[in-house]
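Visitor: Structure below; questions to follow.
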Amino acid sequence: MTRVGVDPASIEVLFLTHFHGDHTLGLPPFVLHRIFVDKPRTLTIVGPEGVQDRLEKLFEVSWGIDWKPVMQPRFKARYVNARPRGQAAGYRYETVKLDHGSAGSNGYRIHVDGKVLAYSGDTEPTAPLERLVDGADVAIVEATGPGDVFSHMSWEAAEALKKRHPKTRFVFNHLYSGTVAGAAKDLQVVEI
Ligand SMILES: [Zn+2]
Ligand SMILES: [Zn+2]
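For the sequence shown, this note's numbering gives the first residue as -7, with consecutive numbering after it.
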């Protein structure tokens, strides 16, 4: 965050799409920073049903018996089970249930300064994804790899999605392997 000029203390709300490890295991270091370095405002965490229980378990695994007495009281967090539409830390959002794995994944349409940001997390390229990105100004969508990518979206499907929504600015992430001409690099700031 520091390298790309984002102050961790300035983060007001965090939207979690699902609980797979590649989407949650970056959280413990962030929480540690919020507790001991930033001492910031309350962090709102929006996620699928049971988000508080799932994250509390993750934090207990991360810090063992120190979590509850030492750290949890210093971590100012408010957990919210994502609703079909709602407001979190002053930001309006809609949730779209996407097809991914057994538990599915929450896509979010987040309203920021009159614009709509669509964020997919992981998903197959099915009908709910079309609804998620429809009319969005910016869509951050996964595109895992070329060819057959189980439970995810292929580069070919990503390209077709982009063509079907020409007015939306797409940013693709979650690339497992391979390189794409003109793609942004890790930690590169993309002006949108
Ligand atoms: Zn996943
Ligand atoms: Zn993933």
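Glycine residues also receive a C-beta, built at the ideal position from the N, C-alpha and C atoms.
Using only alpha-carbon positions, find the residue among Asp91, Gly99, Tyr100 that is nearest to serine 143.
Guide: Asp91
Visitor: Using the C-alpha atoms, what's the distance from arginine 33 back to leucine 24?
Guide: Roughly 14 Å separates the two Cα atoms.
Visitor: Can you tell me the Cα-Cα spacing of threonine 118 and arginine 70, whole angstroms?
Guide: 32 Å
Visitor: Is aspartate 91 a contact residue of ligand 2, with contact defined as CB to any heavy atom under 7 Å?
Guide: no
Visitor: Tell me whether the stretch 50 to 61 and the stretch 81 to 101 touch, counting them as touching only if at least three CB pairs, one residue from each stretch, are closer than 8 Å.
Guide: no
Visitor: Hey, would you say aspartate 114 sits closer than 8 Å to arginine 161, going by beta carbons?
Guide: No, the pair does not count as a contact, with Cβ atoms beyond the cut-off.
Visitor: Taking 8 Å as the limit between beta carbons, can you name the residues of its chain near proline 76, skipping five residues before and five after?
Guide: Glu86, Thr87
Visitor: Three-state secondary structure (DSSP) at glutamine 180?
Guide: coil
Visitor: Does the beta-carbon of aspartate 14, which I'm using as the reference point, lie nearer than 7 Å to any heavy atom of ligand 2?
Guide: yes
Visitor: List the DSSP bridge partners of serine 2.
Guide: Note: serine 2 sits in no beta bridge, so no partner.
Visitor: Relative to the alpha-carbon of leucine 153, which residue among His103, Lys60, Glu134 has its alpha-carbon at the smallest distance?
Guide: Glu134
Visitor: Relative to the alpha-carbon of valine 172, which residue among Glu148, Leu109, Arg101 has its alpha-carbon at the smallest distance?
Guide: Glu148
Visitor: Any heavy atom of ligand 2 closer than 7 Å to the Cβ of aspartate 178?
Guide: no
Visitor: My output table needs one value for valine 29: the three-state DSSP class, helix, strand or coil.
Guide: Under the three-state reduction of DSSP output, valine 29 falls in the helix class.
Visitor: Using the Cα positions of phenylalanine 22 and glycine 127, report the straight-line distance between them to the nearest angstrom.
Guide: Roughly 32 Å separates the two Cα atoms.
Visitor: At the level of alpha carbons, what is the spacing between valine -4 and valine 125?
Guide: 26 Å
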